[in-house]
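Undergrad:
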Amino acid sequence: MALTTLRPRASARDAPRVSGILRALAAVGGALCVALTVGATGAAPSHATPEPPQQPPPATPQPPVMPPPPPVPPSPSEPLALTPPLAPLAPPPGGPVPSDPLRIGDAAVDTTGGWLPDGVTLSPFDVSNPILSQLDPGLLRAVQDAARAAQSQGVDIRVNSGWRSKGFQQRLFDNAVRNYGSVAAAAELVAGPDVSKHVTGQAVDIAPVEADMWLIANGRQFGLCQIYANEIWHFELATDQYGNCPPLLPNAAG
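Okay, structure coming up:
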């Protein structure tokens with residue numbers, strides 16, 4: 272007959288004791304794990320709260336950029352800068368400055384009629400100016416006809432002197448006497464007021480030189496002639512019945 276090893280049965284009253292032993296073993300195991308962790312790291316584990324991400328330091332506020340102040344207008348006491356005045360007009364070549372437009376004596380004497388500033392010329396058609404409106408009508412018409420013909424060939428005829436008052440012609444003559452030292456020397460360049468064809472409206476001075484050359488070559492077709500050898504700009508109506516100009520005089524004194 273075989274012998275059978277008999278196991279003792281755990282009774283119901285031993286169950287609580289077994290459960291307590293198991294809890295004790297679990298606690299010992301947990302303590303052992305903690306001890307091992309402390310020994311390895313030197314610190315007890317902790318459930319640290321994660322630090323929030325660091326924020327960049329706030330920027331130092333900069334003062335706002337202010338627009339430049341508007342220009343301050345000058346006070347009423349400060350004088351405003353003005354454009355420099357224009358230089359006074361120059362007199363005609365060889366002529367005095369007409370500082371006294373009228374000389375009053377026994378009668379009013381026009382001493383500026385026919386004066387133009389230096390460098391200023393007129394169109395032959397500008398009859399609003401007495402330099403042209405006081406010319407002999409036949410002479411004015413001839414100059415205008417010549418100007419049209421010259422223009423068609425690319426030449427611009429301008430007038431820089433025409434009619435002159437007797438007083439203005441006298442001033443020109445007196446100025447020439449002072450400049451050239453004698454009446455005789457002055458008369459070769461400026462006719463006296465009693466003989467000047469400008470005073471009677473029968474002479475005209477033409478510019479520029481290109482126009483003078485054109486009139487010397489073509490002016491006789493319109494009755495216009497150069498009169499003085501030393502004045503290529505001075506023209507008068509002087510052709511004969513055959514359309515020829517007279518021989519040149521050496522100067523205004525003849």
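Residues in the sequence shown are numbered from 272 upward in steps of one, following our numbering.
Ideal Cβ positions, reconstructed from N, Cα and C, are used throughout, including at glycine.
Have a look at A413, I428, G472 and flag the residue whose alpha-carbon is nearest the alpha-carbon of D483.
TA: Position 212 of the sequence shown, counted from the first residue, corresponds to residue 483. For the residues A413, I428, G472, the minimum Cα distance to D483 belongs to I428.
Undergrad: With 16 as the cutoff for other CB atoms within 10 Å, does V430 come out buried or exposed?
TA: Taking the sequence shown and counting its residues from 1, the one referred to as residue 430 is at position 159. By the neighbour-count rule (16 or more Cβ atoms within 10 Å), V430 is buried.
Undergrad: Determine the DSSP secondary structure at E459, reduced to helix, strand or coil.
TA: Sequence index remark: in the sequence shown, residue 459 carries index 188 (1-based). Of the three classes helix, strand and coil, the one that applies to E459 here is coil, per DSSP.
Undergrad: Look up N431 in the DSSP assignment and say whether it is helix, strand or coil.
TA: What you label residue 431 is simply residue 160 of the sequence shown in a count that begins at 1. Correct three-state label for N431: strand.
Undergrad: Considering only residues of the same chain and omitting the five flanking positions on each side of Q415, which have a CB-CB separation below 8 Å?
TA: Here residue 415 refers to the residue found at position 144 when the sequence shown is read from its first residue. Cβ neighbours of Q415 beyond the five flanking positions: P395, F396.
Undergrad: At what residues does the beta strand (DSSP E) containing F439 begin and finish?
TA: Along the sequence shown, read from residue 1 onward, the residue named residue 439 stands at position 168. Note, F439: premise wrong, no beta strand (DSSP E); alpha helix (DSSP H) at 437-451.
Undergrad: Can you give me the C-alpha to C-alpha distance between W386 and H469, rounded to a whole angstrom?
TA: Translated into the one-based positions of the sequence shown, residue 386 becomes position 115. Translated into the one-based positions of the sequence shown, residue 469 becomes position 198. Looking at the two C-alpha atoms, the distance is approximately 12 Å.
Undergrad: Using the C-alpha atoms, what's the distance from I477 back to R412?
TA: On the sequence shown, position 141 is the one that residue 412 refers to. On the sequence shown, position 206 is the one that residue 477 refers to. If I take the Cα positions, the gap works out to 14 Å.
Undergrad: Identify, in the order they occur along the chain, each residue of the same chain with its Cβ nearer than 7 Å to the Cβ of G494, setting aside the five sequence neighbours on each side.
TA: The residue labelled residue 494 in the question sits at position 223 within the sequence shown. Around G494: A413, L508, T510.
Undergrad: Could you pull out every residue in the same chain whose Cβ sits closer than 7 Å to the Cβ of E549, ignoring the five residues on either side in sequence?
TA: What the structure shows of the chain is the stretch from 272 to 525, and residue 549 is not part of that stretch, so it cannot be assessed.
Undergrad: Tell me which same chain residues have a C-beta within less than 6 Å of the C-beta of A418, skipping the five on either side of it?
TA: Locating residue 418 in the sequence shown gives position 147, where the first residue counts as 1. If we look at A418 and ignore the five residues flanking it on each side, its Cβ neighbours are P395, I428.
Undergrad: Rounded to the nearest angstrom, what separates W485 and N501 at their Cα positions?
TA: Sequence index remark: in the sequence shown, residue 485 carries index 214 (1-based). Sequence index remark: in the sequence shown, residue 501 carries index 230 (1-based). When rounded, the distance between both Cα atoms is 17 Å.
Undergrad: DSSP three-state label for V454, please.
TA: Here residue 454 is taken as the residue at index 183 of the sequence shown, counted from 1. Residue state, collapsed to three classes: helix.
Undergrad: Would you kindly work out how many angstroms separate the C-alpha atoms of Y499 and G463, rounded to a whole number?
TA: As a first step, residue 499 must be located in the sequence shown, where it is residue number 228. As a first step, residue 463 must be located in the sequence shown, where it is residue number 192. Roughly 15 Å separates the two Cα atoms.
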